[in-house]
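> Could you have a look at this structure, given as structure tokens, before my questions?
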Amino acid sequence: EGFSSVKCFLSLYRFQACVYFASVFQAMSCGIHYLASVFMAVTPNFVCGFPGNVSSVLFHNSSASSIEDIWTLWTSTENYIVVQLENGEIWELDQCSRSKREVSLDLAYEYKGNKSVFPCSDGFLYDDTKWKSTVVTQWDLVCDREWLAKLIQPTFMLGVLIGAVIFGDIADRLGRQRVIWFTSAGQFVFGIAVAFTFDYYSFVIVRFLLAMVSSGYLVVAFVYVTEFVGIKARTWASMHVHAFFAMGIMIVALVGFLVRTWWVYQIFLSIATLPFVLCCWMLPETPFWLLSEERYEDAQKVIDTMARWNKVSTPCKVSELCSVQQDDLASGRTGDDDTPSAKKHNILDLFCNWQIARRTITVWLIWFTGSLGYYVFSLSSVSLGGNEYLNLFLIGAVELPCYIIACVAMDKLGRRNTLIPFLILSALICVLIMFIPQDFNILIILANMAGKFSIGVAFGLIYLYTAELYPTIVRSLAVGSGSMMCRVGSVVAPFCVYLRSVWIFMPLLLVGIMALLSGILTIMLPETLGKPLTNTLVEATEMGRNKKSCSEKTPPAHSGAASEKIEMFGQERVSTDK
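Residue numbering for the sequence shown follows our numbering, beginning at 820 and increasing consecutively.
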């Protein structure tokens, strides 16, 4: 049924299909910039610099004429290198300090005599066999400046959080089209600007702005495609925006493999979606937003364009939609006499009673866990051993089938019955990885792919499930607050990955505990498959208490009538049995 819906969408909604694929193409750039730092901010092997020209280098029992020849033997950060300068001085080079031997008669690795310790005032020497240049080597973000390097990804994710809030609100005020134009151009401009920043602080500021516009585009793109795509293909279309994001991760792996200088790497990543920036101005505004702003003539123009593309001889008239909307409002007023229509709702309504409060806490936890697990598995992929570029590529590629499985499972098994097993499965995989010997690289990579797959299913599903769990009056508030918890998870994820320095399995342990707790709490959530959307908090509460009475309800006849009219004229007026 799902695949037939997609086929129907492509064949009958030609205009919507073109708009959809054009819009989600740019979602790849969001995936690109979100994960770009995994290679751009790599810290290679390094030691203190030395004052003078080197004549010989010693590392354990191996000697060489230059330090570059020693890097292949480097195995631990606790190692040090002994160098003899042309003036006869012998220095021991550690990562964050250097020692000058007081007695320099002969060159030997072990030395028991007196040494004078000095700071790394002559800079650092970096291993450039893998990466010619990173932001860490550019600005010496090591030792006492290491914390600056660790702030690169969290500050980006903070920009993601703020951008989602700001541009989501602007899109409601100024329209989806303008925000898509601005954020698309912003991704390109700020993406290029990052490559030409002159110091660490300007780099972080420009990347923060890049994060804001990238997040803004992704949020508005979801709304944009949802308002254009018909009901039959809406689930598949919205889920596969994530798939294009995953393709962006795969592009990061490919470009990282080909380009080893960070600023050139950043430029290549930024121009990957330049074609969309050049043609995004052709995208129209959504009829729904135009109608909400009472711009009826503009809405009719878009509708007529859609009708021509879809070869509809008798397009829908705005006057028909306006009459339907007025009927919706009238019936809504008569059906909800006990609820003031002008009442303003806030975050406290998500905790109005124990049933709803428990549901909100569980949903927020799932949002947080999904985001935390998603980015922990993604950011950790380059540290799994083996080829880090292939690891990241596979971590991105595994998402493509996961969203197909999620769409099929949520329609066949239900939302809750899909969410529970995949959350618990991801927790079990986290535990399993801890027992795999560290020299079994292939097995570790496959297990991490399985973990990313399972958490990806849960992460993709929670968007729709949240919207179905809450009534109309607080639905946007519920999804928005859940999205905020998702952003908090993405900010916490980099710090969680850094806990590998405390214990290599600490990130997996935290993700596993959160996933197991989320899976257990999800058991108490109601199933929403095949049930009408609720309109009031009383109905939403009853859905949790009495599944039978809720399932027997029928959707209000006026719910979404105007939406259906806009979506239905996108195809030829054929039998509705299709």
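Cβ atoms here follow ideal geometry from the backbone N, Cα and C, with glycine treated the same way.
Are the CB atoms of L1034 and C849 nearer to each other than 9 Å?
For the purposes of this step, residue 1034 is identified with residue 215 of the sequence shown, where counting begins at 1. For the purposes of this step, residue 849 is identified with residue 30 of the sequence shown, where counting begins at 1. Before going further, note that residue 1034 is Ser rather than Leu in the sequence given. Cβ atoms of S1034 and C849: closer than 9 Å.
> So, using beta-carbon positions, are L1242 and S1300 closer together than 9 Å?
Locating residue 1242 in the sequence shown gives position 423, where the first residue counts as 1. Locating residue 1300 in the sequence shown gives position 481, where the first residue counts as 1. Contact: no.
> For the beta strand (DSSP E) that contains L944, what are its first and last residues?
Along the sequence shown, read from residue 1 onward, the residue named residue 944 stands at position 125. It spans F943 to Y945 - the beta strand (DSSP E) in which L944 sits, taken as one unbroken run.
> How big is the Cα-Cα spacing for P1159 and L1356?
Working through the sequence shown from its first residue, we reach residue 1159 at position 340. Working through the sequence shown from its first residue, we reach residue 1356 at position 537. Note that P1159 scores 43 on pLDDT, short of 50, meaning its location in the model is unreliable; the coordinates nonetheless yield the value given after this. C-alpha separation (whole angstroms): 13 Å.
> Are F943 and T956 close, meaning C-beta to C-beta below 9 Å?
If you number the sequence shown from 1, residue 943 lands on position 124. If you number the sequence shown from 1, residue 956 lands on position 137. Contact flag set, yes.
> Do the stretch 1222-1239 and the stretch 1163-1173 meet, that is, are 3 or more Cβ pairs less than 8 Å apart?
no
> Using the Cβ count rule (16 or more neighbours within 10 Å means buried), how would you classify W910?
What you label residue 910 is simply residue 91 of the sequence shown in a count that begins at 1. Burial call: buried.
> So for Q1006, helix, strand or coil by DSSP?
In the sequence shown, residue 1006 corresponds to position 187, counting from 1. Three-state result, Q1006: helix.
> Between the Cα of V1298 and the Cα atoms of I1342, L1244, W1186 and S1245, which residue gives the shortest distance?
Here residue 1298 refers to the residue found at position 479 when the sequence shown is read from its first residue. For V1298, the nearest C-alpha among the options comes from W1186.
> By the three-class DSSP mapping on this structure, what secondary structure does A860 have?
The sequence position of residue 860 within the sequence shown is 41, counting from 1. Of the three classes helix, strand and coil, the one that applies to A860 here is coil, per DSSP.
> I'd like the span of the alpha helix (DSSP H) that includes S1021, first residue to last.
If you number the sequence shown from 1, residue 1021 lands on position 202. Looking at the DSSP string, the run of the alpha helix (DSSP H) that includes S1021 is Y1019 to F1047.
> Just to confirm my understanding: we take G1067, look at its own chain, exclude 5 residues before and 5 after, and list those with CB closer than 6 Å. What are they?
The residue labelled residue 1067 in the question sits at position 248 within the sequence shown. Taken in chain order, the residues that qualify are M847, G850 and I851.
> What first and last residue would you give for the alpha helix (DSSP H) that runs through C1249?
Residue 1249 sits at position 430 when you count from the first residue of the sequence shown. From DSSP, the alpha helix (DSSP H) with C1249 extends over R1234 to M1253.
> Can you tell which of L1352, E1361, F844 and V838 has the C-alpha that lies nearest to the C-alpha of P1094?
Within the sequence shown, the letter at position 275 stands for residue 1094. Closest option to P1094, Cα to Cα, is F844.
> For N1406 and I1086, I'd like the C-alpha separation in whole angstroms.
Residue 1406 is absent from the structure shown; the chain starts at 820 and stops at 1397.
> Among residues of its own chain, excluding the 5 on either side of M1229, which ones have a beta-carbon nearer than 6 Å to its beta-carbon?
In the sequence shown, counting from the first residue as 1, residue 1229 sits at position 410. T1237 and L1280, listed in sequence order.
> Could you check the C-alpha separation between T1353 and T1360 for me, to the nearest Å?
Against the sequence shown, residue 1353 aligns to sequence position 534. Against the sequence shown, residue 1360 aligns to sequence position 541. Looking at the two C-alpha atoms, the distance is approximately 9 Å.
> Tell me the DSSP bridge mates of Q903?
The sequence position of residue 903 within the sequence shown is 84, counting from 1. Answer is S875 and I909.
> Among K931, N872, T894 and S884, which has the Cα closest to the Cα of G907?
Numbered from 1 along the sequence shown, position 88 holds the residue referred to as residue 907. The candidate whose alpha carbon is nearest that of G907 is N872.
> Can you give me the Cβ contacts of V1013 inside the same chain, cut-off strictly under 7 Å, excluding the 5 residues immediately before and after it?
The count along the sequence shown starts at 1 and reaches residue 1013 at position 194. The answer, listed in chain order, is F1022, V1025, R1026, L1029 and Q1085.
> Look up C837 in the DSSP assignment and say whether it is helix, strand or coil.
In the sequence shown, the residue the question calls residue 837 occupies position 18. Secondary structure at C837: helix, using DSSP grouped into helix, strand and coil.
> Identify whether F1259 lies in helix, strand or coil by the three-state DSSP scheme.
Start at 1 with the first residue of the sequence shown, and residue 1259 comes out as number 440. DSSP places F1259 in coil when its eight states are reduced to three.
> Can you give me the Cβ contacts of F1272 inside the same chain, cut-off strictly under 7 Å, excluding the 5 residues immediately before and after it?
For the purposes of this step, residue 1272 is taken as residue 453 along the sequence shown, with counting starting at 1. The answer, listed in chain order, is V1217 and C1221.
> Just checking, does the stretch 885-893 make contact with the stretch 970-984 on the three C-beta pairs under 8 Å criterion?
no
> On the three-state DSSP scale, how would you describe A927?
Along the sequence shown, one-based indexing puts residue 927 at 108. It is coil, neither helix nor strand.
> Taking M1101 as the reference, which of R1114, L1037, A1004 and Q996 has the closest Cα?
Counting from one through the sequence shown, the residue named residue 1101 turns up at place 282. The residue with the shortest Cα to Cα distance from M1101 is Q996.
> Please state if the CB of T1188 and the CB of Y1284 are separated by a distance shorter than 9 Å.
Taking the sequence shown and counting its residues from 1, one reaches residue 1284 at position 465. Taking the sequence shown and counting its residues from 1, one reaches residue 1188 at position 369. The answer is no: Cβ separation not under 9 Å.
> Decide yes or no for the touch test of the stretch 1204-1216 against the stretch 1258-1267: beta carbon pairs closer than 8 Å, at least 3 of them.
yes
> With which residues is Y1080 paired in a DSSP beta bridge?
For the purposes of this step, residue 1080 is identified with residue 261 of the sequence shown, where counting begins at 1. For the sequence presented, residue 1080 should be read as Thr rather than Tyr. T1080 is bridged to S952.
> In chain order, what residues of the same chain lie with their CB nearer than 7 Å to the CB of I981, ignoring the 5 residues before and after it?
Residue numbering aside, residue 981 sits at position 162 when the sequence shown is read from its first letter. Excluding residues within five positions, the ones whose Cβ falls inside 7 Å are M1031.
> So, using beta-carbon positions, are F869 and W893 closer together than 9 Å?
Position 50 of the sequence shown, counted from the start, is the residue given in the question as residue 869. Position 74 of the sequence shown, counted from the start, is the residue given in the question as residue 893. With a cutoff of 9 Å on beta-carbon distance, F869 and W893 are scored as not near each other.
> Classify R920 as buried or exposed, calling it buried when 16 or more other Cβ atoms lie within 10 Å of its own Cβ.
For this step, residue 920 is matched to residue 101 along the sequence shown. Note on R920: 16 or more other CB atoms within 10 angstroms of its CB, so buried under the neighbour-count rule.
> Using the Cα positions of Y839 and V1048, report the straight-line distance between them to the nearest angstrom.
For the purposes of this step, residue 839 is taken as residue 20 along the sequence shown, with counting starting at 1. For the purposes of this step, residue 1048 is taken as residue 229 along the sequence shown, with counting starting at 1. For Y839 and V1048, the distance between alpha carbons rounds to 8 Å.
> First and last residue of the beta strand (DSSP E) that includes R917?
Position 98 of the sequence shown, counted from the start, is the residue given in the question as residue 917. Its beta strand (DSSP E) spans residues R917 to R920.
> Could you check what DSSP says for C1226 in three-state terms: helix, strand or coil?
Along the sequence shown, read from residue 1 onward, the residue named residue 1226 stands at position 407. In the structure shown, C1226 sits in a helix (DSSP, three-state: H, G or I).
> Residue range of the alpha helix (DSSP H) that F1196 falls in?
For this step, residue 1196 is matched to residue 377 along the sequence shown. Start and end: W1173 to S1199.
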